[in-house]
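This report concerns only the one structure given below.
4 protein chains.
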Amino acid sequence: MAHDQIETIRKQIDQLNLQILDLLNQRASLVQELGKEKEKLGSNRFDPERERQMLNQLVEHNKGPFNDTTVRHLFKQIFQVSLDLQNDEKKKVLLVSRKKKAEDTVVTVKGVEFGNGSPLLIAGPCSVESYEQVKAVAENHVKRGLRVLRGGAYKPRTSPYDFQGLGEEGLQILKRIGDEFNLVTISEIVTPGDLELATQYIDVIQIGARNMQNFELLKAVGRLNHPVLLKRGLSATIEEFIYAAEYILAEGNTQVMLCERGIRTYEKATRNTLDISAVPLLKQETHLPVFVDVTHSTGRRDLLLPTAKAGIAVGSDGVMVEVHPDPDVALSDAKQQLNIPDFNTFLDELIASGLYKGEAVTTRR
Amino acid sequence: MAHDQIETIRKQIDQLNLQILDLLNQRASLVQELGKEKEKLGSNRFDPERERQMLNQLVEHNKGPFNDTTVRHLFKQIFQVSLDLQNDEKKKVLLVSRKKKAEDTVVTVKGVEFGNGSPLLIAGPCSVESYEQVKAVAENHVKRGLRVLRGGAYKPRTSPYDFQGLGEEGLQILKRIGDEFNLVTISEIVTPGDLELATQYIDVIQIGARNMQNFELLKAVGRLNHPVLLKRGLSATIEEFIYAAEYILAEGNTQVMLCERGIRTYEKATRNTLDISAVPLLKQETHLPVFVDVTHSTGRRDLLLPTAKAGIAVGSDGVMVEVHPDPDVALSDAKQQLNIPDFNTFLDELIASGLYKGEAVTTRR
Amino acid sequence: MAHDQIETIRKQIDQLNLQILDLLNQRASLVQELGKEKEKLGSNRFDPERERQMLNQLVEHNKGPFNDTTVRHLFKQIFQVSLDLQNDEKKKVLLVSRKKKAEDTVVTVKGVEFGNGSPLLIAGPCSVESYEQVKAVAENHVKRGLRVLRGGAYKPRTSPYDFQGLGEEGLQILKRIGDEFNLVTISEIVTPGDLELATQYIDVIQIGARNMQNFELLKAVGRLNHPVLLKRGLSATIEEFIYAAEYILAEGNTQVMLCERGIRTYEKATRNTLDISAVPLLKQETHLPVFVDVTHSTGRRDLLLPTAKAGIAVGSDGVMVEVHPDPDVALSDAKQQLNIPDFNTFLDELIASGLYKGEAVTTRR
Amino acid sequence: MAHDQIETIRKQIDQLNLQILDLLNQRASLVQELGKEKEKLGSNRFDPERERQMLNQLVEHNKGPFNDTTVRHLFKQIFQVSLDLQNDEKKKVLLVSRKKKAEDTVVTVKGVEFGNGSPLLIAGPCSVESYEQVKAVAENHVKRGLRVLRGGAYKPRTSPYDFQGLGEEGLQILKRIGDEFNLVTISEIVTPGDLELATQYIDVIQIGARNMQNFELLKAVGRLNHPVLLKRGLSATIEEFIYAAEYILAEGNTQVMLCERGIRTYEKATRNTLDISAVPLLKQETHLPVFVDVTHSTGRRDLLLPTAKAGIAVGSDGVMVEVHPDPDVALSDAKQQLNIPDFNTFLDELIASGLYKGEAVTTRR
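Protein chains in written order, with this note's numbering: chain A, 2 to 366; chain B, 2 to 366; chain C, 2 to 366; chain D, 2 to 366.
Here is the structure:
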């Protein structure tokens, strides 16, 4: 008896489902039409006043069994998906997204292709300290077929009394090394005023973790025609990271690369916690090259090799790692940089794992 | 022109809103009816098979502009609020909630009222180490008009080689002290097998942070008729904390008190981060007494007084703090316990702040 | 027998302790002397090369039972405290610290004293949207005896497509309101290039959470002679926060105030987690005024009053809260701003709690 | 002139360094001797009273330039390393550590070797729901050469009103399936009272994340002679995880395996944050097999494959993943389980990556 009763009610519910669906789609069409009319008037803004009126009217006419809170909640959802329908078109306009551009962005600098499917190694000292220091690293790069050299000229440091980098002198060293050894150079810039200068000296401008939401810097770098490597903020969500990249693309600069570098968590065995699943997420959501900085994420030499393997296996476009001719006397990050022999061992084992093929083929032309 | 057009469309949308509302409420009534029929059959479980059928049918009939994903999403929402309508009655059956019981729960033990609106002080050593040690604290309690004494007999310790508490001997000491000084005693129990024993020795059973989701322990303590103090887990959400308390009430025990004790975050200046806003949230959502453990949340003697003030000002039913006759030689938590003179100063300043009135009036009868 | 033996060994250890102490202090004196000699040469930098030589020499001469790692560790500690001895003098030079300046810094603007021991209320809309909007709030301020008005002209937003504030127009509105109603105005500035302008329009420059480690902005604001309110970063440690303030003072600007605004944690019941114990920590470590932003830390209207009470009880110099004439239609933070009647109730209850005295006496002159 | 002076002082410091080293090693020898004497007396406990006396004596005799705090700090360090010298022997006794046992622990069950260097796949439904459901998965296991089947019989759920598992009936189903298909079965046990029973039905007992610090359960499982898989707690540090395993080994059970399953962070794009660097850390610190649960760490089907690749590349002994014949109607974790065809694709791609070799060779005998 009850079974039959249940079947009857279920059929009635099925009927209602379809009626509701029909009305919802009618409503959606009207909202789309409305959007177009409003656009003609140039007033395409979300209108909370109108939303409040609709909610009030609905609550006024609500006879239950849904209570008013539920009605408000449910219609907020309906309003939201209708707005999303408009925004979908906008989101197709989210310039970093796969929806906007399905194929991978490849950034080419001095013949090196970032994001072409073959993982790269970005290596170099934490800070540029002298011409000799960077040259020692560069010579090894050339020996090992590497093409990308990082080095910090402006160092954002927690304390104002710590070594702040060589500044322009550091950029000049990088320029000279880049030219002499035909290497792509990457260095962090921390304020809009230095960007002009930087484009003359270095090949890729890095925006560091602390500046990921320095929106004025993002906008300024977005107005350049110069490759950018954007690092994830210390506790930025994936969504915030994507929007930070969007700030750059929205200004016109499409040569943007992303870098996961660990997030701040309670765990203190590592300097930060490498969020490895951020890589496939960013690759799915955006068309930009994605790198993994194993040095800053772990802060430990003994974890660089396994995390580099993981970083490539998970689908990144390459790994960033710090190497210094004499880490013990480095002016910053002494404990986490590899010396050159250890770096070469790291490289050998990474190649031996089969995950990293080396760069000779891709880049020697 | 466009303005008129906009007005026309808006009116059509208003119309559709009301029609949709009407159908949604019709649907909700049917779902309620269905729930009753299913209850007759004893099969009140959520039926995902049926849900899938409905979604398939809807997608099959969807003609847009909403895409199928949006239709699925929107109807999942509609199904959800309809289910919630059933669960609302269940949630009114969420025993810890204000919806179930508007007035504050007051737990009375040996004449002490926990949660009666007048904040209490729960104090005592981290671990019970000897009769003399606890007696020294108890004598001061009596002098200062305090009535509630905490002390650990079973100590959950990170390492198996650390001092694990005196066990039953510790409970016996608490029993003796509680009787001799007419104090309410609180101590942590860590496994179902010890509960029976514990009810004979101590007045309030504490469930510690590490066991907040030890559901078998919660159920077992729920079957007792004995007051319980439940501490928030190291990284439990407020929602998980509330549900943990519900596990106890669901088994019949209504004498439950909650204790915020700091959560695990990246910040290392304090042992944990005191989540002060958890207190008003828990007071809003539940009818249970809520305490603040300032010792474990901060782990620093120099922060006990200001956080105790904050804990009372924010609306808690009292503060828990550790005091030890000789903290420097304590077998656990040496760095964060107050000695007796410092505890008395703490008490004086708390009273001087006007936030804490002392317990003489409430408890001296 | 063993007991006697133990006593004998202990006496030998005591003897060695004192000898070690003596040598350590001798060593420390030499290090101090060395520091002075090096200063004469202008080379006061930490010398890792020398440190490595010493460690090598020690390890070479180590005969155990300590292993080489322990010897390195222990002497690194000894080197560290010796360096700290030099830095202590530097740290006495840490300009924000109580060691440098024992008495509280009081920042006085238009007769309002920030940090004079009597808590203030900083209130106003999230964004400046129009003259009328801000005026509505300002009129209520005057009625209620409040003197400090906040309002955002430049809004750092996650998405580049969200409302970014009125910019200079917003600052102009604040200037006009500040003059007409004799209110102190606070507004966030996000890039060095806008600072010059800002000093002409607003009384206090706010550095927002996202820019707490935008060191170039900190340095630029440090070169002004204008009050600054520095907010804690989303996941900044207390130590990083203190150093960020130091960046400002190191450039000469001493009119700096701090603001705790919640940190990012796993808990999602609130927008952020108010780190209430940060307030007494900052008051202990620094001499600067410290405020609590209850709006951004909780993100919930229902928690503003209890957390404001906690914020004052814990020892802050005041509370920041958002109020908007019509929050439902606000262009940002719609869900967390109070409307004016609710704000007045908030104010009434805060005064009724006895924790907040109102500002009439302090500021009406 | 100053240069010579510097050299002279440096030589004096070098001299002092060696003298201090000599005295420290003398002291360490005495402490070792003392430890042995105390052991004879059976009182090997750390003696804080004695430590305090020594510190008082030192401070009393301190003439600077080190201040008393520094002296206390430095000698606490010296005491600590001396104690560590005793504990080192203890730590060599930390049973899980590589120091105790250099070679990898291999746990062999029904011919399957966990931890033998060849990564395994542990797969199965979140909850055991019926014989048919588990059989469908098991048949596919056999087809694909897999040997290890997971399935939950006791489900720890946030809410007491959620499906709590079939209990003993679930274990019986696993027993039947394990026998019929020659599979190794793994299931979680949540309370000491059920362990006896469990050993009769299942091959590997899982201790879940919520019970990682349920020390009584750990001790009880430590007294069994039965393989155990211990999952990392929701916000456990690596150190706490290692100590939790030590609780089991300390009771005699050496067949322990570890499983990283993501930690709780602020990031909400994934259910938890997979802490990939925990794997090499655990492999370095312990000799136990280490697995990666990609289902619970990510909570997203679209991330299972890349994180499984990362998990193997980083050096784990295998990957745990959930598969269900009909995930949409699963009684728990509906959104994150793979259906069988998708699971087979997952398997194919994992094999195609070269990181996972399949289990046919290792296990078919």
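Note that beta-carbon positions come from the ideal geometry of N, C-alpha and C, so glycine has one too.
**Asked** Residues bridged to C:G153 by DSSP?
**Response** C:G153 is bridged to C:S128.
**Pick from B:F115, B:V108, B:Q285 and B:V129 that is closest to B:S333, judged by C-alpha positions** = Taking only the C-alpha atoms, the option nearest B:S333 is B:V129.
**Item:** Beta-carbon gap between B:V375 and B:G316 smaller than 8 Å
**Value:** Any answer about residue 375 of chain B is impossible in this case: the structure gives chain B only from 2 up to 366.
**Request:** Quick one: residues in its chain with C-beta nearer than 6 Å to the C-beta of B:G171, no 5 flanking neighbours on either side, listed in chain order?
**Result:** Excluding residues within five positions, the ones whose Cβ falls inside 6 Å are V129 and A154.
**Message:** Using only CA atoms, which one of B:E34, B:G300, B:I352 and B:E350 lies nearest to A:I7?
**Reply:** Of B:E34, B:G300, B:I352 and B:E350, the residue nearest in Cα terms is B:E34.
**Asked** Buried or exposed: which applies to C:R365, given that a residue is buried once 16 or more other Cβ atoms fall within 10 Å of its Cβ?
**Response** Unreliable placement is indicated for C:R365, whose pLDDT of 37 sits below 50; no coordinate value is reported for it.
**Asked** Using the beta-carbon of each residue, which ones in chain A are nearer than 7 Å to D:A103?
**Response** By Cβ distance, chain A contributes nothing, its closest Cβ being about 16 Å from D:A103, past 7 Å.
**Request:** Report the three-state DSSP secondary structure of A:E268 (helix, strand or coil).
**Result:** In the structure shown, A:E268 sits in coil (DSSP, three-state: anything other than H, G, I, E or B).
**Within the stretch 271-301 of chain A, ranges of the beta strand (DSSP E) (whole runs, at least 3 residues)** = Those beta strand (DSSP E) runs which fall completely within the stretch 271-301 of chain A and span 3+ residues are 291-294.
**Prompt:** Going by C-alpha distance, which of A:S188, A:L122 and A:L225 is nearest A:E197?
**Reply:** The option with the nearest alpha carbon to A:E197 is A:L225.
**Prompt:** Considering only residues of the same chain and omitting the five flanking positions on each side of C:I79, which have a CB-CB separation below 8 Å?
**Reply:** Correct list, in chain order: L25 and R28.
**Request:** Name the residue from A:L122, A:T271 and A:A353 whose alpha carbon lies nearest to the alpha carbon of A:V324.
**Result:** Measuring from the Cα of A:V324, the nearest candidate turns out to be A:L122.
**Asked** Along chain D, which residues have their Cβ under 9 Å away from the Cβ of A:Y267?
**Response** Result: S236, T238, I264, R265 and T266.
**Item:** Endpoints, the alpha helix (DSSP H) within which C:I203 is located
**Value:** No alpha helix (DSSP H) holds C:I203; DSSP gives it neither H nor E.
**Item:** Nearest-angstrom Cα separation, counted from B:P342 out to B:I203
**Value:** Each residue's Cα considered, the two are about 27 Å apart.
**Message:** Against chain B, with Cβ distances strictly below 8 Å, would D:R148 count as a contact?
**Reply:** Answer no: the Cβ-Cβ gap between D:R148 and chain B never drops below 8 Å.
**Request:** Under the assumption that D:A314 contacts D:L348 (Cβ atoms under 8 Å), give the Cβ distance between them as a whole number of angstroms.
**Result:** The pair is not a contact, with the Cβ atoms about 17 Å apart (cut-off 8 Å).
**Request:** May I ask you to list the residues that DSSP assigns as paired with B:V425?
**Result:** Since the first residue shown for chain B is 2 and the last is 366, residue 425 of chain B is missing from the structure and cannot be characterised.
**Message:** Distance check for B:G118 and B:P228, CA to CA, integer angstroms please.
**Reply:** If you draw a straight line from the Cα of B:P228 to the Cα of B:G118, it is about 18 Å long.
**Asked** Roughly how many whole angstroms lie between the Cα atoms of A:V322 and A:P307?
**Response** It is roughly 12 Å from the alpha-carbon of A:V322 to the alpha-carbon of A:P307.
**Message:** For C:D303, count the other beta carbons within 10 Å of its own beta carbon; 16 or more makes it buried, fewer makes it exposed. Which is it?
**Reply:** Counting Cβ neighbours within 10 Å, C:D303 comes out exposed, since fewer than 16 surround it.
**Request:** Note down the Cα distance separating B:T71 from A:L84, rounded to an integer number of angstroms.
**Result:** When rounded, the distance between both Cα atoms is 12 Å.
**Asked** Straight-line CA distance for D:N183 to D:K111?
**Response** D:N183 and D:K111: Cα-Cα distance of roughly 8 Å.
**Residues near C:A103 by beta carbon distance below 8 Å, same chain, minus five either side** = Excluding sequence neighbours, C:A103 sits near H288.
**Prompt:** Any idea which residues DSSP pairs C:K144 with across the strands?
**Reply:** According to DSSP, which records beta bridges pairwise, C:K144 is partnered with nothing at all.
**Exposed unless 16 or more other CB atoms sit within 10 angstroms - verdict on B:H62** = Under this definition B:H62 is an exposed residue.
**Message:** With a threshold of 6 Å on Cβ separation, who are the neighbours of D:D105 within its own chain once the five nearest residues in sequence on each side are excluded?
**Reply:** For D:D105, where only same-chain residues beyond five positions count, the Cβ hits under 6 Å are G116 and H288.
**Prompt:** In chain A, which residues lie less than 7 Å from B:Q78 when you measure between Cβ atoms?
**Reply:** Result: L75 and Q78.
**Message:** Let's test the definition: count the other Cβ atoms within 10 Å of the Cβ of B:G65 and tell me whether it reaches 16, buried, or not, exposed.
**Reply:** It counts as exposed.
**Message:** Just to confirm before moving on: does the CB-CB distance between B:E252 and B:K220 stay below 8 Å?
**Reply:** Against a cut-off of 8 Å, the Cβ pair of B:K220 and B:E252 comes out as a contact.
**Request:** Determine the closest residue to C:L351 out of C:G312, C:S278 and C:A331, with distance taken between C-alpha atoms.
**Result:** Per the Cα distances, C:G312.
**Prompt:** What are the start and end residues of the alpha helix (DSSP H) that includes B:L305?
**Reply:** Boundaries of the alpha helix (DSSP H) around B:L305: L305 to A314.
**Request:** List the residues of chain C whose Cβ lies closer than 9 Å to the Cβ of D:G65, in chain order.
**Result:** Within chain C, the residues N26, A29 and S30 have their CB atoms less than 9 Å from the CB of D:G65, given in chain order.
**Asked** Do A:F242 and A:L259 have their C-beta atoms closer together than 8 Å?
**Response** A contact, by the Cβ cut-off of 8 Å.
**Message:** Among the candidates B:G209, B:A137 and B:S131, whose CA atom is the shortest distance from the CA of B:I174?
**Reply:** The shortest Cα separation from B:I174 among B:G209, B:A137 and B:S131 belongs to B:S131.
**Message:** Tell me which residues share the same chain as C:R272 and place their Cβ nearer than 8 Å to its Cβ, disregarding the 5 neighbours each side in the sequence.
**Reply:** Cβ neighbours of C:R272 beyond the five flanking positions: G263, H297, S298, T299, G300, R301 and Q337.
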